[in-house]
Every structure is written in structure tokens, then in C-alpha cells.
Amino acid sequence: MKILTPLLPCCLLALAHAESLVVATPMISLSAVKGKPAISIPLKLRNTGKTTLTMSGELRGRDGAAFRVEGLCDIVAAGQTKDLQVHLDPIRGKDLYEAELVIDGTIVPLRGIGLDAFEGKNEPPLDRIVKALGIPLDVGGTKLELDVKPEAIGQGVAVKRFKGIPGTKARITPLARFSPPGETPFGWVVKEGQPKEIGVLDDSTKRADNHQCLFPSLKGNATSISFEAPPEAFAIYMKGHLYTAFTDATLPTQAKIPHTIRVYPVKDFQGRKMKNCYLIGCEEASNGDYQDAVFLLENVTPE
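FYI, my numbering numbers position 14 of the sequence shown as 101, with every residue one higher than the one before it.
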């Protein structure tokens with residue numbers, strides 16, 4: 088069966104100036120619940136040439152029809168930047184969506200997670216989440232529920248605590264959240280110390296899918312949080328609805344499973360090489376999906 092490639096009906100005036108149009112976003116990752124509002128993700132372009140350009144592009148791949156790009160026919164003046172808005176329509180329902188956008192010869196991978204409805208068995212497994220985020224990683228299985236007993240599974244590591252890197256700030260970025268609605272605080276804690284809250288995943292009053300999406304919004308509208316790491320080694324925590332999850336399983340919690348957070352080294356994220364970077368997958372119940380909150384922790388080393 089021949090797969091039809093959806094074309095975007097845009098002008099072709101600027102293809103001769105491809106060397107002047109720089110695509111600054113290496114990959115786009117989206118999520119959407121069928122029939123529910125979902126946010127778009129900006130794809131950043133920059134005209135580094137001396138002439139005005141009119142953009143042109145093409146959507147290719149199996150799921151090209153599930154993605155929509157706004158602004159491709161717009162004109163970009165010399166030295167100016169432009170954000171295209173990329174949307175996902177989960178036409179096949181619950182699944183991983185894959186396509187690519189070709190802009191003047193530059194290929195931008197598009198990945199998406201579709202859901203049929205909120206919560207429960209509609210949620211994606213952690214394996215699907217890392218694939219959609221462009222993180223090549225074995226998380227310990229492809230099913231929704233993962234093993235809660237071993238210290239490490241897949242390419243995970245048994246890291247309880249982290250240390251900051253002198254001269255840099257640590258940074259934490261929420262990558263995904265598939266949990267019940269409501270505010271979800273997170274932060275760090277040193278041994279025998281009080282938890283230090285550094286951020287809160289926002290509730291779903293402003294964004295209906297904020298508890299079931301990639302790149303959930305933080306309270307205060309930041310996309311990531313930089314912080315001064317304490318002098319001592321510290322654990323990461325997430326305060327869920329039922330208990331507080333810790334990277335250090337020896338800290339007191341009311342959880343009924345032995346490991347409430349999984350830690351995975353990240354060496355590549357959306358086409359960018361990473362160093363001193365870890366994926367933090369949090370569980371707030373007992374089924375072991377480890378995607379109630381997923382963070383990218385940067386500029387740290389294991390204790």
C-alpha cells in the first residue's frame with residue numbers, strides 16, 4: 088500500500104536561500120488527549136541572510152496527517168526570527184505518533200503521544216514517553232507497569248543522592264506528567280534535613296491537560312528551574328497525592344513500594360548530547376508506572 092505524503096501548500100520562493108534559514112529547534116515533542124484542548128509547541132526559525140524569505144515546508148511520514156503547522160507561508164525579514172506553531176491531533180487515539188517536517192532541506196523530527204481519555208489505562212508507559220521525547224533509553228520494559236522491587240531496572244542506576252558541580256547551577260525541567268490533577272510540589276532534601284521545595288507542577292485549571300501531558304506547566308509559568316545545589320549530597324523528592332517519593336529509598340515515606348523514584352542517565356536529549364544529566368521518573372501510587380512526574384536533572388553528579 089502506498090503511503091501518501093501530506094504536502095503543505097506553501098510558496099517556494101525562498102528555497103534558493105536555504106543557507107540563510109536556520110532551524111533552531113532540533114525536534115518537536117507533543118501530547119494531546121482526543122477531543123480535548125492541547126497546547127502547541129513553537130518551532131524556532133531564524134533568517135541569518137540579507138534578504139527577506141518566504142518559508143516553505145513538507146510534512147512526511149506515517150503520521151504526517153496528525154500534525155499541523157501554523158505560519159509556514161509567513162515572510163521572515165533579514166535578521167528576524169519566527170516561531171511556527173506545531174499541533175498534534177491524535178487521530179488514531181492512544182499511540183505514539185511519528186512524522187517529520189522538512190523545511191528548506193532541514194529535517195525536524197515530530198513525535199507525539201496521543202491519549203483516548205484522561206488517566207488510568209489511557210496513560211502512556213514510560214517507554215513511550217522517552218521515545219516521544221527523543222531520549223534513547225531502556226527504562227526497564229515497554230508496559231505501563233514496571234518492576235518496583237530492584238534498585239535499578241533497564242539502563243537505570245541505583246543513585247540515591249546527587250552533588251552539584253562547582254561553578255554551575257543545577258537545573259530541573261519537567262518533561263512529563265501523567266497523574267491525578269492538582270498541584271504537585273518537588274525539590275531536594277539533604278540527609279536528616281528539611282525538604283527544600285524548588286517548584287510546583289501547576290494544577291489543571293489554566294491548562295486542562297496539565298496533569299496528563301508532556302512538558303507540564305510549572306506554577307509561575309517557568310519552563311525549568313535553576314537552583315544552587317546544597318554543599319551536601321541531596322536527594323530529589325516529589326510530593327504526590329498519597330505520599331512523598333524520594334530518590335533515596337531509605338528516607339521515611341508512607342509508600343507501600345520499596346522504590347518510588349527511578350533514575351536513568353541521559354546522554355542524548357532531542358538530538359543534543361548531554362553530560363551530567365539524569366531522567367527522574369516518579370511514582371505516587373503503587374503500580375510502578377514511574378511517569379506521575381518525569382524530570383530532567385542537569386549539572387549534577389552521583390554521590
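The beta-carbon is built from N, C-alpha and C at its ideal position, and this holds for glycine as well.
Practice task
Buried or exposed for Asn308, please, with buried defined as at least 16 other CB atoms from any protein chain shown within 10 angstroms of its CB.
Solution key: By the neighbour-count rule (16 or more Cβ atoms within 10 Å), Asn308 is not buried but exposed.
Practice task
List the endpoints of the continuous alpha helix (DSSP H) containing Val217.
Solution key: Boundaries of the alpha helix (DSSP H) around Val217: 213–220.
Exercise for the section: Pull up the distance between the alpha-carbon of Ala125 and that of Ala342, whole angstroms please. Expected result: As the crow flies, the alpha-carbon of Ala125 is around 32 Å from that of Ala342.
Problem - At least 3 beta-carbon pairs within less than 8 Å: the stretch 259–271 vs the stretch 286–306 - result: The stretch 259–271 is in contact with the stretch 286–306.
Problem - Straight-line Cα distance separating Gly136 from Ala164 - result: Each residue's Cα considered, the two are about 9 Å apart.
Practice task
Let me know if Glu315 comes out buried or exposed under the rule of 16 or more other beta-carbons within 10 Å of its beta-carbon.
Solution key: Per the 10 Å Cβ criterion, exposed.
Practice task
Tell whether a beta-carbon distance below 7 Å holds between Leu384 and Tyr365.
Solution key: Cβ atoms of Leu384 and Tyr365: closer than 7 Å.
Problem - Residue range of the beta strand (DSSP E) that includes Lys283 - result: 283–288 is the extent of the beta strand (DSSP E) around Lys283.
Handout entry: Same chain, Cβ closer than 6 Å to Val276, five either side skipped, listed in chain order
Key = Cβ neighbours of Val276 beyond the five flanking positions: Pro282, Ala322, Tyr324.
Handout entry: Own chain residues within Cβ distance below 6 Å of Ile178, not counting five before or after
Key = Counting only Cβ-Cβ distances below 6 Å, and skipping sequence neighbours, we find Ala153.
Practice task
Identify, in the order they occur along the chain, each residue of the same chain with its Cβ nearer than 8 Å to the Cβ of Glu390, setting aside the five sequence neighbours on each side.
Solution key: Contacts found: Val246, Lys247, Arg248, Phe249, Lys250, Ala320.
Handout entry: Per DSSP, the bridge partner or partners of Phe265
Key = Phe265 pairs with Gln299.
Exercise for the section: Go ahead and label Lys354 buried or exposed: buried means 16 or more other beta carbons lie within 10 angstroms of its beta carbon, across all protein chains shown. Expected result: The residue in question, Lys354, is exposed, as its Cβ has fewer than 16 Cβ neighbours within 10 Å.
Problem - CA-to-CA distance, Pro113 to Thr347, given in whole angstroms - result: Looking at the backbone, the Cα of Thr347 and that of Pro113 are separated by about 32 Å.
Problem - Which of helix, strand or coil DSSP assigns to Ala257 - result: Ala257: strand per DSSP, three-state reduction.
Practice task
Count the other CB atoms, across all protein chains shown, that sit within 10 Å of the CB of Glu284; report buried if there are 16 or more and exposed otherwise.
Solution key: Label assigned to Glu284: exposed.
Exercise for the section: Can you have a look at Asp376 and say buried or exposed, based on whether 16 or more other CB atoms are within 10 angstroms of its CB? Expected result: Asp376 sits buried, since 16 or more C-beta atoms from the chains shown fall within 10 Å of its C-beta.
Practice task
Indicate whether at least one CB of chain B lies closer than 7 Å to the CB of Gly201.
Solution key: In the displayed structure, chain B is absent; only one protein chain is listed.
Problem - Residues bridged to Lys244 (per DSSP) - result: In the sequence under discussion, the amino acid at residue 244 is Val, which differs from the Lys named in the question. Among the bridge pairs identified by DSSP, Val244 is matched with none.
Handout entry: Nearest to Val287 (by Cα), restricted to the options Asp191, Thr310, Phe205, Glu279
Key = The shortest Cα separation from Val287 among Asp191, Thr310, Phe205, Glu279 belongs to Thr310.
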